[in-house]
Amino acid sequence: MGGKVAEEVWTRNAIDFSHLRIFGCPAYVHVPSDERSKLDAKSKKCIFLGYKKGVKGYKFWDPVDKKVVISRDAVFDEQSMLQQNQEKVQMELEHIPAAATLERIESSNPASDDYSTVHLQDYNLARDRERRTNVKAPTRLGFEDMVSFALNITSEDPTSFQGAITSQDRENWIGAMVEEMESLQKNQTWELARLPKGMKTIGCKWVYKRKLAVSEKDEEKFKARLVAKGFSQKKGINYDEIFSPVVRHTSIRAVLALVATWDLHLEHMDVKTAFLHGDLEEQIYMQQPEGFSQPGHEHLVCRLKKSLYGLKQSPMQWYKRFDSYMI
Amino acid sequence: MLIAAKNLDDVVGLKALLSQEFDMKDLGAAKKILRMEIHRDKSSKKLWLSQQGYVEKVLKRFGMSNAKLESTPLANHFKLSSNQCPKTNKEVADMTEVPYASVVGCLMYAMICTRPDLAHAVSQVSKYMSKPGRQHWEAIKWIFRYLRGTVGHCIVFGNQQGDPLVIGYVDSDYTGDLDNRRSTTGYVFTISGGPVCWKSTIQSIVALSTIEAEYMTIVEAAKEALWLTGLVNKLVVQQDGVQLHCDSQSVVYLAKNKIYHARTKHIDVRFHKIRELIASGEILLQKIGTAENATDMLTKPVTTDKFKHCLNLLNVYSC
Chain A
4 MGGKVAEEVW TRNAIDFSHL RIFGCPAYVH VPSDERSKLD AKSKKCIFLG YKKGVKGYKF
64 WDPVDKKVVI SRDAVFDEQS MLQQNQEKVQ MELEHIPAAA TLERIESSNP ASDDYSTVHL
124 QDYNLARDRE RRTNVKAPTR LGFEDMVSFA LNITSEDPTS FQGAITSQDR ENWIGAMVEE
184 MESLQKNQTW ELARLPKGMK TIGCKWVYKR KLAVSEKDEE KFKARLVAKG FSQKKGINYD
244 EIFSPVVRHT SIRAVLALVA TWDLHLEHMD VKTAFLHGDL EEQIYMQQPE GFSQPGHEHL
304 VCRLKKSLYG LKQSPMQWYK RFDSYMI
Chain B
40 MLIAAKNLDD VVGLKALLSQ EFDMKDLGAA KKILRMEIHR DKSSKKLWLS QQGYVEKVLK
100 RFGMSNAKLE STPLANHFKL SSNQCPKTNK EVADMTEVPY ASVVGCLMYA MICTRPDLAH
160 AVSQVSKYMS KPGRQHWEAI KWIFRYLRGT VGHCIVFGNQ QGDPLVIGYV DSDYTGDLDN
220 RRSTTGYVFT ISGGPVCWKS TIQSIVALST IEAEYMTIVE AAKEALWLTG LVNKLVVQQD
280 GVQLHCDSQS VVYLAKNKIY HARTKHIDVR FHKIRELIAS GEILLQKIGT AENATDMLTK
340 PVTTDKFKHC LNLLNVYSC
């Protein structure tokens, strides 16, 4: 242990002893403003008893009210205790009779009182308050990361870029990401630009999904999609109106009812990557996608021209685009 | 996206146009929309809409795929009320073991898509989402047992003469809710025989008489009818007024007759709206016998025979 406390060895943090006080020493406990009137003293003299378990505060004995007080705002008068101790040692050495000792202690009391009042006058709570400099950030890259790594390399879909490129199917995932990037580039979803002053970028991430084979001939499909982190968008700056109408089930059924009676042809179509068709009205800058930043242009950001999955206004922009085309 | 047209050339033309503008995938004749399965029989002009796959999946997920069968979604002996909510800490802890909210969510999705028969049962159990008790969970299991027997139930459209018209049925249950004595609204609208729109819900205010409860139901149904005729008129059918069938003779008289009744003073605004709609011919209010009113099952637990009769009236059955 090398003369250290067990906790210090275990946590490797220095132990703070600054809150330790001499037991039984007099202390001036601050009285809260709602418990005193204007003319009452702001503190009362108590005796330090110890520490209350589970509470951040010292425990005091109030000799006037005859009760235990718990408080954090207290000024300790340890000097008087030290003086008494010294006197006691002296007394023991000199073998002074008991009666005389009492006298001396009594006579020493007023002196110590004086000292403490002087001490109180220069006392400044703000100055003496302990600085919170030894607060440490949580250790993110520790044991838990190993666990998530272990989870990633199992057959579940990866949750991050790192997970995808370290998983067993990394070839497939990278292929899926390249495919998605090609489709984004074909659509001219963004152009690289310098970030103007005062603008902020929003993040983006990869989402991976393994789609089961439909028939025995097909293989398992690997899908990767780049999504913007829409939650970091600010209203009024990055987006304004986001309402997008959704079909009512009643309408679908009404159409089907008409189809049945009039014997109409009914066909089904799907728009691939529907949201990527919407044009953006607002200026949105996005970080370059993880693993695909342009070599030599790492400092640039993507200025979005088309809406992307994840943006708050994407559904509305797609609806507007479709609506304007149909009418 | 569904495309419907009389002429196959129109469909092909529209598809080509859309494919030019957007990156489209052609899925051919519609088989599924929003996980609802579509089956057609062109010779008899019928169309079936079912959710067999979804219901089977839900039953499997909650371990009810081998349950016994029941013939109604909610039986009369379940008198669900907030008295049955858990009172002791142990009961609360017991109920945290069951996935009440997700079960209700699954049932509600099925109800909204293709299952008007579940509407009343779901509205009953969903009242206790925040604090479900043992009795409420029993009721849910009962619904699952009913579902298991009716996995193949689908809505059937078509097989009717003439133009597809919107027809409405309304019913109410006076003070059906045991907690605060509010009444229940129930209505169904059918187009070409099959139900397209249905609702079963507790009314927002307390009704003082059966007439009043029925009255509020009619107004709710009339609002829905206006929207529905708007939609159908856009899709080329011209319909002048919606037939609204109601089994309360007194309400029919009250809505048509302009005499001022002291007992109905407090249902003022609703009163005037429905009279206006009837006077302008947008709503045609008609009396119907209780036996022929399909909405009975939306307002109260009914007997097996009555329930089956209601489903037949609405063209909801297994094919």
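Order-wise, the sequence lines are chains A and B. Counting from 4, one number per residue, gives the positions in the first sequence under our numbering. Counting from 40, one number per residue, gives the positions in the second sequence under our numbering. All C-beta atoms, glycine included, are put in the ideal place defined by N, C-alpha and C.
Straight-line Cα distance separating A:THR169 from B:ILE194 | As a working note, residue 194 of chain B is residue 155 in the second sequence. As a working note, residue 169 of chain A is residue 166 in the first sequence. Taking the straight line from one Cα to the other gives about 49 Å.
Report the partner residues of A:PHE63 according to the DSSP bridge assignment.
-> Here residue 63 of chain A is taken as the residue at index 60 of the first sequence, counted from 1. DSSP, once it has assigned bridges, lists A:PHE51, A:VAL72 as partnering A:PHE63.
Interface residues of chain B around A:ASP266 at Cβ under 7 Å?
-> Start at 1 with the first residue of the first sequence, and residue 266 of chain A comes out as number 263. Near A:ASP266 (Cβ distances below 7 Å), the residues of chain B are LYS81, LYS84.
Label B:GLY232 either buried or exposed according to how many other C-beta atoms from any shown protein chain fall within 10 Å of its C-beta, with 16 as the threshold for buried.
-> Position 193 of the second sequence, counting from 1, holds the residue named residue 232 of chain B. With 16 or more other Cβ atoms within 10 Å, it is buried.
Is the shortest distance between the beta-carbon of A:VAL181 and the beta-carbons of chain B less than 7 Å?
-> Here residue 181 of chain A is taken as the residue at index 178 of the first sequence, counted from 1. False, the Cβ-Cβ gap to chain B never drops below 7 Å.
Nearest-angstrom Cα distance between B:THR343 and A:ARG228?
-> Here residue 343 of chain B refers to the residue found at position 304 of the second sequence. Here residue 228 of chain A refers to the residue found at position 225 of the first sequence. One C-alpha to the other measures close to 50 Å.
Is the number of C-beta pairs between the region 62-78 of chain B and the region 166-186 of chain B that are closer than 8 Å three or more?
-> no
For my contact list, B:PHE61 and A:VAL274 are in at a C-beta cut-off of 8 Å; report their separation, rounded to the angstrom.
-> On the second sequence, position 22 is the one that residue 61 of chain B refers to. On the first sequence, position 271 is the one that residue 274 of chain A refers to. The pair is a contact, with the Cβ atoms about 5 Å apart (cut-off 8 Å).
What are the residues that DSSP puts in a beta bridge with B:LEU283?
-> Locating residue 283 of chain B in the second sequence gives position 244, counting from the first residue. Answer by DSSP bridge pairing, in chain order: B:GLY207, B:LEU324.
Taking buried to mean at least 16 other C-beta atoms within 10 Å of its own C-beta, is B:GLU259 buried or exposed?
-> The residue labelled residue 259 of chain B in the question sits at position 220 within the second sequence. It is buried - the Cβ of B:GLU259 has at least 16 other Cβ atoms within 10 Å.
Look up B:SER120 in the DSSP assignment and say whether it is helix, strand or coil.
-> For the purposes of this step, residue 120 of chain B is taken as residue 81 along the second sequence, with counting starting at 1. Of the three classes helix, strand and coil, the one that applies to B:SER120 here is coil, per DSSP.
Considering only C-alpha positions, which residue in the set A:PRO318, A:LEU187, A:THR264, A:SER46 is nearest to B:SER82?
-> The residue you call residue 82 of chain B lines up with position 43 of the second sequence. Nearest option by C-alpha distance: A:THR264.
Is the distance from the Cβ of B:PHE196 to the Cβ of B:LEU324 below 7 Å?
-> Indexing the second sequence from 1 puts residue 196 of chain B at position 157. Indexing the second sequence from 1 puts residue 324 of chain B at position 285. No; because the gap between Cβ atoms is not below 7 Å, this pair is not in contact.
Nonlocal neighbours in the same chain, by C-beta distance under 6 Å from A:GLY53, ignoring five residues either side = Translated into the one-based positions of the first sequence, residue 53 of chain A becomes position 50. LYS62, listed in sequence order.
According to DSSP, is B:THR256 helix, strand or coil?
-> In the second sequence, counting from the first residue as 1, residue 256 of chain B sits at position 217. Of the three classes helix, strand and coil, the one that applies to B:THR256 here is helix, per DSSP.
Name the residue from B:VAL341, B:HIS192, B:VAL271 whose alpha carbon lies nearest to the alpha carbon of B:ALA149.
-> Mapped onto the second sequence, residue 149 of chain B falls at position 110. Cα-wise, what sits closest to B:ALA149 is B:HIS192.
How would you write the range of the alpha helix (DSSP H) that B:VAL291 sits in, first residue to last?
-> As a first step, residue 291 of chain B must be located in the second sequence, where it is residue number 252. Per DSSP, B:VAL291 belongs to the alpha helix (DSSP H) from 288-295.
Residues that A:GLU6 bridges to, as DSSP identifies them | The sequence position of residue 6 of chain A within the first sequence is 3, counting from 1. The residue asked about is misnamed: residue 6 of chain A is Gly in this sequence, not Glu. DSSP lists no partner for A:GLY6.
Going by DSSP, name the residue or residues bridged to B:GLY225.
-> For the purposes of this step, residue 225 of chain B is taken as residue 186 along the second sequence, with counting starting at 1. DSSP lists B:ASP210, B:SER239 as partners of B:GLY225.
Contact set between the region 227-254 of chain A and chain B, restricted to residues whose Cβ is under 7 Å from the partner = HIS252, THR253, SER254
B:GLY92 to B:LEU73, Cα distance in whole Å?
-> Within the second sequence, the letter at position 53 stands for residue 92 of chain B. Within the second sequence, the letter at position 34 stands for residue 73 of chain B. Roughly 12 Å between the two C-alpha positions.
Stretch pair the region 241-255 of chain B + the region 345-358 of chain B: three plus CB contacts closer than 8 Å = no
For my contact list, B:ASN332 and B:ASP210 are in at a C-beta cut-off of 8 Å; report their separation, rounded to the angstrom.
-> Within the second sequence, the letter at position 293 stands for residue 332 of chain B. Within the second sequence, the letter at position 171 stands for residue 210 of chain B. With a Cβ gap of about 6 Å, B:ASN332 and B:ASP210 count as contacting.
For A:PHE51, count neighbouring Cβ atoms within 10 angstroms of its own Cβ and tell me buried if that reaches 16, exposed if not.
-> By one-based count along the first sequence, residue 51 of chain A stands at place 48. By the neighbour-count rule (16 or more Cβ atoms within 10 Å), A:PHE51 is buried.
Comparing the C-beta of B:ASP23 with each C-beta of chain A, is any distance below 7 Å?
-> The first residue shown for chain B is 40 and the last is 358, placing residue 23 of chain B beyond what the model contains.
Quick one: is A:TYR328 near chain B, going by C-beta distance under 7 Å?
-> For the purposes of this step, residue 328 of chain A is identified with residue 325 of the first sequence, where counting begins at 1. Cβ-Cβ to chain B under 7 Å: yes for A:TYR328.
In angstroms, rounded to a whole number, what distance separates the CA positions of B:ILE206 and B:THR189?
-> Numbered from 1 along the second sequence, position 167 holds the residue referred to as residue 206 of chain B. Numbered from 1 along the second sequence, position 150 holds the residue referred to as residue 189 of chain B. B:ILE206 and B:THR189: Cα-Cα distance of roughly 26 Å.
Pick out whichever of B:LEU146, B:GLN288, B:THR224 has its Cα sitting closest to the Cα of B:GLU263.
-> By 1-based counting over the second sequence, the position of residue 263 of chain B is 224. Per the Cα distances, B:THR224.
Report buried or exposed for A:ASP43, applying the criterion of at least 16 other Cβ atoms within 10 angstroms of its Cβ.
-> Numbered from its first residue, the first sequence carries residue 43 of chain A at position 40. When all chains shown are included, A:ASP43 counts as exposed.
Distance between B:THR338 and B:TYR213 (C-alpha atoms, nearest Å) = For the purposes of this step, residue 213 of chain B is taken as residue 174 along the second sequence, with counting starting at 1. For the purposes of this step, residue 338 of chain B is taken as residue 299 along the second sequence, with counting starting at 1. Cα to Cα, B:TYR213 sits roughly 9 Å from B:THR338.
Neighbour-count burial assignment, A:ASN16, 16 or more Cβ in a 10 Å radius = Position 13 of the first sequence holds residue 16 of chain A. Under this definition A:ASN16 is an exposed residue.
Is the Cβ-Cβ distance between B:THR268 and B:GLN278 less than 7 Å?
-> Position 229 of the second sequence holds residue 268 of chain B. Position 239 of the second sequence holds residue 278 of chain B. For B:THR268 and B:GLN278, yes; Cβs fall inside 7 Å.
Consider the Cβ of B:PRO203: report whether some Cβ of chain A lies at a distance smaller than 7 Å.
-> Stepping through the second sequence from its first residue, residue 203 of chain B is reached at position 164. For B:PRO203, the answer is yes, since a Cβ of chain A falls inside 7 Å of its Cβ.
Report yes or no: do three or more beta-carbon pairs, one from the region 303-312 of chain A and one from the region 194-211 of chain A, lie closer than 8 Å?
-> yes
Could you check the C-alpha separation between A:GLY201 and A:PRO248 for me, to the nearest Å?
-> For the purposes of this step, residue 201 of chain A is taken as the residue at position 198 of the first sequence. For the purposes of this step, residue 248 of chain A is taken as the residue at position 245 of the first sequence. Going by the C-alpha atoms only, they are around 34 Å apart.
Is A:SER46 helix, strand or coil when you go by DSSP?
-> Here residue 46 of chain A is taken as the residue at index 43 of the first sequence, counted from 1. In this structure, A:SER46 counts as strand in the three-state DSSP scheme.
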